[in-house]
Ligand code: PRP
Ligand code: ZN
Ligand code: MG
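In the UniProt record's numbering, the protein residues as written are 6 to 231.
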């Protein structure tokens, strides 16, 4: 078990699409930090709320392990790792606390432009490349489609051209990456955006109160934005 801490620790993406908006949102909640030399840990000055700058994929695990209390991460990452843990019979140690309204994208199935799309049954017997094997596998079961999941950690859109798969399941934001790879989206598995993730169970008193304060300010900031 993690040692007792009297400061709240929030994990955000070190670099990438959610990094700057996450930091800006927390700053708009009145948080300020003194940056450390390695720039991976930011010590909270206005409040005892520290930032940890990490890979987004590590955020759910950091919360599950109690290394961090909260995190800003894509719903896609949170649900993928949640589905994976559920599939392995592990308890759900983290959950979505708030939707944050930025970083919107979809987890879509995409197929080559030339395909005449007739519905999900067309995926039967096909190979589908993805970085989201748990979400894709669960969806295929729900759809009653028997297809093979090919796991790739990145550059998923190139898989059909390389002959590794016939279709893909990946995030679509502007659609530029799909278009550049002569693919078209045909169906959506998940509508995603940045979320505030936290533990499934309550925090202890000190950090619980800090988290409540942060949530109140966050809700105020989100109301002003929308
Ligand atoms: C994401 C995602 C898609 C692309 C979609 O990749 O995996 O490939 O963005 O965005 P678009 O619809 O605007 O083109 P990202 O560039 O974040 O890199 P990654 O796949 O290595 O995480
Ligand atoms: Zn990532
Ligand atoms: Mg990509």
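All C-beta atoms, glycine included, are put in the ideal place defined by N, C-alpha and C. Values in this document were obtained by computation on a predicted structure and should not be read as measured data.
DSSP state of residue i mapped onto helix, strand, coil
i: residue 58; result: strand
i: residue 182; result: helix
i: residue 111; result: strand
i: residue 96; result: coil
i: residue 117; result: strand
i: residue 212; result: helix
i: residue 175; result: strand
i: residue 165; result: helix
For residue j and residue i, believed in contact at Cβ under 8 Å, the rounded distance
i: residue 112; j: residue 194; result: 5 Å
i: residue 140; j: residue 133; result: The Cβ separation is near 12 Å, so there is no contact.
i: residue 202; j: residue 101; result: 6 Å
i: residue 68; j: residue 104; result: That pair is no contact at about 17 Å.
i: residue 13; j: residue 222; result: Wrong, their Cβ atoms sit about 12 Å apart, outside the cutoff.
i: residue 207; j: residue 137; result: Actually they do not touch by this definition, with Cβ atoms about 30 Å apart.
Length of the line joining the Cα atoms of residue i and residue j
i: residue 92; j: residue 164; result: 26 Å
i: residue 43; j: residue 57; result: 11 Å
i: residue 209; j: residue 71; result: 11 Å
i: residue 50; j: residue 75; result: 18 Å
i: residue 205; j: residue 121; result: 43 Å
i: residue 124; j: residue 180; result: 20 Å
i: residue 231; j: residue 162; result: 33 Å
C-beta contact flag for residue i and residue j at 8 Å
i: residue 174; j: residue 114; result: yes
i: residue 199; j: residue 23; result: yes
i: residue 31; j: residue 106; result: no
i: residue 116; j: residue 9; result: no
i: residue 152; j: residue 130; result: yes
i: residue 197; j: residue 79; result: yes
i: residue 17; j: residue 27; result: yes
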